[in-house]
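Okay, structure first, notes after.
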DNA sequence: ACTTGTTGCTTAACATGTTAAATGTAATTC
DNA sequence: GAATTACATTTAACATGTTAAGCAACAAGT
């Protein structure tokens, strides 16, 4: 094979791919430019990305146990413990032990929490719509589909 | 329009997309399953993802200033300051003020740092190859291309 | 019932993410 | 050329990421 195939142009002398053409960095950059657009709204309302993610998942899933919530929100258990403390202190969520299984913590949004989401939802949806407009709805769908394929391929 | 188009099936009552079909969470999950495969190697060699990323970029770019490095490695300046301290203490990189511009810090790998990368490169390349095998080389290329498109669309 | 192992969550310790402010240096402006 | 502005990096403070260890509650096997 010739010394400079397409794939070779993406590698260095040690067999490492060029950093900008690697999944870890590309995915990180992509997430970064997307989140940039949401940060102003989140900061204006004194919530972090992660707190917002936790509340979004709770709104979507209803009351759940902490493990499920951590998984869906992509947050590690130790982080969730701290985030729950913060959000509970703010009155946005409520947690209590599972009667049936004393190990589990059941978590749910309070009315105040749901109200908070309702207020921010329009802004959030609009920001996402702007992103969709710039990238193209179909491109996003394709990207999400490919990511799902990646998840299925690697999680097995 | 009918009340349940394809796009509507991805939204909730507030106009928010279902969390698992949003870019921020999908990109995060994707990155997570990819990094899972690298973590054992990194942990075994006592480097964090970010430290490894910094060294990879330095190996690729040669001596550069801190801002360029931070940008390429997707690391914020304050984090880079700390990471540089760690890596310099370990003897993997060296930093010194730019003679021409007293504000800039010029950073480069030491011979020990380059040697460290050479030792890990084969393992890293092999892990990446396994990932490629599971996802498919062409699928990864497509994914990277779409991410580049996303970056161009949103960075402008 | 007792032991053993497992599970779900928490704590602890350290590294990084994130923003704002501080510092020192370079470029502009007047 | 002194004052101002902009820039590169650092520091500080708090939130989260990450791993390992701890603890209490369940599950299984004996």
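Residue numbers (the numbering used here), protein chains in the order written: chain A, 5 to 160; chain B, 5 to 160. Virtual Cβ for every residue (Gly too), placed ideally from N, Cα, C. All values reported here derive from a predicted model rather than from experimental measurement.
#1: Strictly below 7 Å CB to CB, what residues from chain A border residue 22 of chain B?
#2: Check whether chain B comes within 8 Å of residue 18 of chain A, counting only Cβ atoms and requiring the distance to be less than that.
#3: How would you write the range of the beta strand (DSSP E) that residue 112 of chain A sits in, first residue to last?
#4: Do three or more CB pairs link the segment 31-40 of chain B to the segment 85-92 of chain B at distances below 8 Å?
#5: Please report the residue range of the alpha helix (DSSP H) in which residue 153 of chain B lies.
#6: What first and last residue would you give for the beta strand (DSSP E) that runs through residue 97 of chain B?
#7: Could you check which residue in B:115, B:138, B:137, B:156 has the C-alpha nearest to that of residue 66 of chain B?
#8: Does residue 80 of chain B pass the burial test, meaning 16 or more other C-beta atoms within 10 Å, or should it be called exposed?
#9: Would you mind reading off the limits of the alpha helix (DSSP H) that contains residue 40 of chain B?
#10: Grouping DSSP H, G and I as helix and E and B as strand, with all else coil, what is residue 68 of chain B?
#11: For residue 87 of chain B, return the contacting residues in chain A, with the cut-off set at a CB-CB distance below 8 Å.
#12: How is the alpha helix (DSSP H) around residue 84 of chain B delimited, first residue to last?
For this structure:
#1: 64
#2: yes
#3: 109-113
#4: no
#5: 141-159
#6: 97-101
#7: B:115
#8: exposed
#9: 27-48
#10: strand
#11: None at all; the shortest Cβ gap to chain A is about 15 Å.
#12: 81-93
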